[in-house]
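Per this note's numbering, the sequence shown runs over residues 46 to 942.
Cβ atoms here follow ideal geometry from the backbone N, Cα and C, with glycine treated the same way.
Report on the following structure.
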Amino acid sequence: MKKIKTFLALILSLCLIMGMTTPAFAKNDEETTEMQTLVETLGKYVDGEEIFDYLSYVYLGWRTTGGSWQNQVIDTFVVDQLKAAGYAFTGGESVALGTKGSNDMSGQHDKDYSWVTYYDVDTLTWDPEYAKLSITTNANFDGVDKLIDRVNVESYGFNPTTDTYKEHYGVDSIDDMWKWITEKDADGNRVNVLNGKEAELNKRCHLAWNSCFTEPGGTKPADAEGVTGEVVYVGAVNGRSAPYTCTKYPTVDEANANLSGKVILTDSSLRNAFALAQQTGAIAVMSTASLNSYSTPKDENGNILEPFVYSARYASGAALKTTAAQTATGKPIVEWQFSNDQKAALLELLEKADGTPVYATNISIGRTYAMNDASHGGKGQAVTMAEIKGASKPDERVIICAHVQEPGSNDNATGVASLLGLATALKKMVDSGAIARPERTITFLWGDEMNLATLWLNSHPDEKAKVISALDMDMVGEDPDKTGGVMRIEKTPDPSAKYNYTLDTLPWETGSYYDETFADPDGQFVRLPDSHTLWGAGSYEGMFQEGFFLNDLYMYAAQGVINYHDSGFRVDVCPYEGGSDHSRFLAQNVPALLTWHFTDYTYHSSVDTLNMSSAREMENVSITTMATALMIANATDGNEALALEILGTVMMAALDRFDMEQANTENHRIYTLAHGKDFAAALDNEKEVLQAWADWYKEALASPAKYLLDAPSQIFRDTQAELLNLLEQRLALALACADEYLQDEVTHTGLVKIDAAAPTFSEPGNIEFWYCQNCGKLFADPQATRELTEDDVLIPFVNPTAKTNEGGKVTFNQDMTEATITPDSGYAIKDVLLNGKSVGKVAKLDKLASGDTIQVVFEKLPASNPATGDTMPIVAMFALLAVSGAGVLLLRRRVTQ
Numbered sequence: 046m047k048k049i050k051t052f053l054a055l056i057l058s059l060c061l062i063m064g065m066t067t068p069a070f071a072k073n074d075e076e077t078t079e080m081q082t083l084v085e086t087l088g089k090y091v092d093g094e095e096i097f098d099y100l101s102y103v104y105l106g107w108r109t110t111g112g113s114w115q116n117q118v119i120d121t122f123v124v125d126q127l128k129a130a131g132y133a134f135t136g137g138e139s140v141a142l143g144t145k146g147s148n149d150m151s152g153q154h155d156k157d158y159s160w161v162t163y164y165d166v167d168t169l170t171w172d173p174e175y176a177k178l179s180i181t182t183n184a185n186f187d188g189v190d191k192l193i194d195r196v197n198v199e200s201y202g203f204n205p206t207t208d209t210y211k212e213h214y215g216v217d218s219i220d221d222m223w224k225w226i227t228e229k230d231a232d233g234n235r236v237n238v239l240n241g242k243e244a245e246l247n248k249r250c251h252l253a254w255n256s257c258f259t260e261p262g263g264t265k266p267a268d269a270e271g272v273t274g275e276v277v278y279v280g281a282v283n284g285r286s287a288p289y290t291c292t293k294y295p296t297v298d299e300a301n302a303n304l305s306g307k308v309i310l311t312d313s314s315l316r317n318a319f320a321l322a323q324q325t326g327a328i329a330v331m332s333t334a335s336l337n338s339y340s341t342p343k344d345e346n347g348n349i350l351e352p353f354v355y356s357a358r359y360a361s362g363a364a365l366k367t368t369a370a371q372t373a374t375g376k377p378i379v380e381w382q383f384s385n386d387q388k389a390a391l392l393e394l395l396e397k398a399d400g401t402p403v404y405a406t407n408i409s410i411g412r413t414y415a416m417n418d419a420s421h422g423g424k425g426q427a428v429t430m431a432e433i434k435g436a437s438k439p440d441e442r443v444i445i446c447a448h449v450q451e452p453g454s455n456d457n458a459t460g461v462a463s464l465l466g467l468a469t470a471l472k473k474m475v476d477s478g479a480i481a482r483p484e485r486t487i488t489f490l491w492g493d494e495m496n497l498a499t500l501w502l503n504s505h506p507d508e509k510a511k512v513i514s515a516l517d518m519d520m521v522g523e524d525p526d527k528t529g530g531v532m533r534i535e536k537t538p539d540p541s542a543k544y545n546y547t548l549d550t551l552p553w554e555t556g557s558y559y560d561e562t563f564a565d566p567d568g569q570f571v572r573l574p575d576s577h578t579l580w581g582a583g584s585y586e587g588m589f590q591e592g593f594f595l596n597d598l599y600m601y602a603a604q605g606v607i608n609y610h611d612s613g614f615r616v617d618v619c620p621y622e623g624g625s626d627h628s629r630f631l632a633q634n635v636p637a638l639l640t641w642h643f644t645d646y647t648y649h650s651s652v653d654t655l656n657m658s659s660a661r662e663m664e665n666v667s668i669t670t671m672a673t674a675l676m677i678a679n680a681t682d683g684n685e686a687l688a689l690e691i692l693g694t695v696m697m698a699a700l701d702r703f704d705m706e707q708a709n710t711e712n713h714r715i716y717t718l719a720h721g722k723d724f725a726a727a728l729d730n731e732k733e734v735l736q737a738w739a740d741w742y743k744e745a746l747a748s749p750a751k752y753l754l755d756a757p758s759q760i761f762r763d764t765q766a767e768l769l770n771l772l773e774q775r776l777a778l779a780l781a782c783a784d785e786y787l788q789d790e791v792t793h794t795g796l797v798k799i800d801a802a803a804p805t806f807s808e809p810g811n812i813e814f815w816y817c818q819n820c821g822k823l824f825a826d827p828q829a830t831r832e833l834t835e836d837d838v839l840i841p842f843v844n845p846t847a848k849t850n851e852g853g854k855v856t857f858n859q860d861m862t863e864a865t866i867t868p869d870s871g872y873a874i875k876d877v878l879l880n881g882k883s884v885g886k887v888a889k890l891d892k893l894a895s896g897d898t899i900q901v902v903f904e905k906l907p908a909s910n911p912a913t914g915d916t917m918p919i920v921a922m923f924a925l926l927a928v929s930g931a932g933v934l935l936l937r938r939r940v941t942q
């Protein structure tokens, strides 16, 4: 902010902008922005520990798409909390795709409602209940049992609605299990999180998503036989289509002859291994191939750290239609996701068995059925909706959503719980008067990822037209210190999604994504600082791409949390990548962004447990999200100051962006010198990128008025015009910099001398320096040989100080330019020194400068009486002298004026 105040005012002479008193540009430390107020208020009501309790319930089972536990979370648990918070619940109703039920209260504004819609979807549901892998062998050597124990896995943690689950954990109800998992000791520690017992639940990930079932749902584990076969390590599976072979059996005939009835351990994907098993008659497959590089953090010696060495990837093998058809043949093929430790132990076991067969018994119990098949408990695709109705614009909306399905804690039980914490907290705050009812409606959605947004949008065409923006809460609760992932703002598509910005690297990998010349592995120039996650760039074609205020507003809210709630909160951004519900909103032209944590070592794995989640992080992300939503909801004609605050936020971000891009221009010079010296091509690229950012930010600066205000005031329009003018000037500066830097020699033409200026209370001073109008750099000499930084140039204002002996005091005015010296009763001023030099017995000093020092010596007056015959009281005499002195001073001041 100092940079903008000093240098833009100094160099661009935009005094109007710098002198504004709107909240967006407020510099007075005593002024409070709306964002600060929101963050501080929300911080009193949004409770991370309560959210963690919600998280613990959701995490109890695997929320498979359309499955029993997903429905329990969506239409029972979430609804129960909403009702307890005061939402009027209108029930659940099944509807055809693209329609609304009679219970849908989107168009009713008299109450805050919640309801459940079951969309009539007949796609298959995979609903597991139990899984067990048991290794046996007659081989006899030291350590054989330990190796077997490392391979074996058993999980009851799939579906808390089943008797199998409740009987195993010794509970009568789901609530009993919830009490167990949220149990705390006297110090408030979550006992069964700290001791690791809750982590046992997520061993369910070892059974590959969509695997065949050996026994139908409802079968008691003790009665299940499963399928048993000899384990064979086949190496890689060869071929992308039938016929398949493998490293161990390189011909089709060999593979078919040797793998029938066997259990295949492979280095290849489960999808390919399943195809080989179908061809050869194998009964089960095992692999670690789906584990990513970020799933296995390593120490300095390259060893996988605990607990990640035991991490199995949550992922599918064959498609559900394929596995369901295979199960129907009576010859199920069970798919297992292995950890690195499991695979290493099984390979060692096979080696040490030295030809003695090693067998695996594979049991998987569950059901596969059409999502709307009521005979299996199917209800269709469930979406729970809740709304805090807007006070003045109830038909306009801000949507916040979280997807429910997945087996783990961070992905996305944390999103489900955080959204529920927000919905319940906001309702209580509005009802209690702690916060005013928002002007626009805030809509909360829980459902299935990549479906909930599409289902809502397609069934609410009228409401869709008035959605201002959507916020997607996905993977919001990671503990950054344990998982490696800080909160990331995945932005609404902007130019960082189009151009070649950098990519994350892992801490245990050597170097960065780009080399010292800013070239990526393909030799292309890399821009900074926006960094793609290891998820990777996604296509933004057909998405909402208009310049919009949401990215910068969300970062502003996150910074507000850092400033006013938790200084330890860490935030980063990434360009648009896709892969969650925000992409579905964007595809239908609704501005949206994703808040998530990545690159996350626990992502889609068996170590994505409660112990890897953080109540503090969920609280911080939740406050950020709701503060953003409320700023949008409340910025109306009647509260234009909020729109101005948003406008100012966008402008500050635009100026920061051009600083970043100007640094990229300098980097591009380094790259060009090292890669062929094609300065013309580099310059064309820089000008294209700079213009793209300018065009995007022109639209973004127009977006608060376009989306939030019906009739912007003249002040707002004038402010917007001035900021657009400022943006044009900043673009011109960046383009001039590109012209100057992307040529054989950098000459720094257009140097302007800036005279030295003393600091004042309101503004820092500066030394004499030279400013390059083309690149914006600062230099100590007119030859531009020694570059300066802003810290080198600026001279901060240092408050004057005063020291006294006993007998009086020194007080300063507000801007520290005047000092008043006041003796105590019975004392007088003996001398006053300013910066060590006597200025006499003065009672006041003015025109004080930065760093001035004042020393006052008081002396005690002798006790005495007025002379005989002096009829004037001493008090009256001093009063007359004071009046006379004041009159002389006033006269002098007027003459001077």
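Are there any heavy atoms of the ligand HEM lying less than 6 Å away from the beta-carbon of residue i, as far as the coordinates show?
i: L728; result: What this structure holds is no ligand at all, so the ligand HEM is not there to describe.
I'd like the span of the beta strand (DSSP E) that includes residue i, first residue to last.
i: Q426; result: Q426 to I433
i: W381; result: V379 to Q382
i: P566; result: No beta strand (DSSP E) holds P566; DSSP gives it neither H nor E.
i: A137; result: The question names Ala, but residue 137 is Gly in the sequence shown. Here the beta strand (DSSP E) through G137 covers A133 to V140.
i: S667; result: Where S667 is concerned, there is no enclosing beta strand (DSSP E), although the alpha helix (DSSP H) it sits in stretches over A660 to N679.
Which residues mark the beginning and the end of the alpha helix (DSSP H) in which residue i is found?
i: L464; result: A458 to S477
i: C782; result: Q759 to Y786
i: H448; result: Note, H448: premise wrong, no alpha helix (DSSP H); beta strand (DSSP E) at K438 to H448.
i: H713; result: E685 to A719
Would you call the CB atoms of residue i and residue j closer than 7 Å?
i: I812; j: V843; result: no
i: G411; j: P205; result: no
i: P540; j: Y621; result: no
i: V652; j: R108; result: no
i: G88; j: T170; result: no
i: P439; j: H251; result: no
i: D891; j: S883; result: no
In angstroms, rounded to a whole number, what distance separates the CA positions of residue i and residue j?
i: Y404; j: T181; result: 5 Å
i: M671; j: N770; result: 32 Å
i: S361; j: L315; result: 8 Å
i: M222; j: A660; result: 20 Å
i: E432; j: I487; result: 6 Å
i: T67; j: M696; result: Summary for T67: the model assigns pLDDT 30, below 50, so the residue's position carries little reliability, and this model does not support an answer.
i: A302; j: F319; result: 17 Å
i: I899; j: A908; result: 29 Å
i: N712; j: L573; result: 9 Å
i: V279; j: I96; result: 46 Å
i: V297; j: A726; result: 53 Å
i: S557; j: T834; result: 26 Å
i: A287; j: T325; result: 11 Å
i: F353; j: D860; result: 59 Å
i: G375; j: S179; result: 21 Å
When you compare each of the options to residue i by their alpha carbons, which one comes out closest?
i: K156; options: Y163, F134, G146 and K177; result: F134
i: D784; options: L768, Q707 and T555; result: Q707
i: Q818; options: R775, S340 and K892; result: R775
i: Y158; options: A184, V140 and G131; result: G131
i: L700; options: T413, L772, A727 and T669; result: L772
i: L127; options: G146, S113, Y99 and V140; result: Y99
i: A719; options: V103, D560, A364 and T207; result: D560
i: I677; options: S514, G137 and N608; result: S514
i: N407; options: T290, A253 and A462; result: A253
Flag residue i as yes if its beta-carbon sits less than 7 Å from any beta-carbon of chain C, otherwise no.
i: A287; result: Any reference to chain C falls outside this structure, which holds one protein chain only.
Practice prompt. Would you mind listing the beta strand (DSSP E) stretches within the region 504-570 that are 3+ residues and don't spill past its ends, in chain order?
Written response: 512-518, 532-535 and 546-548
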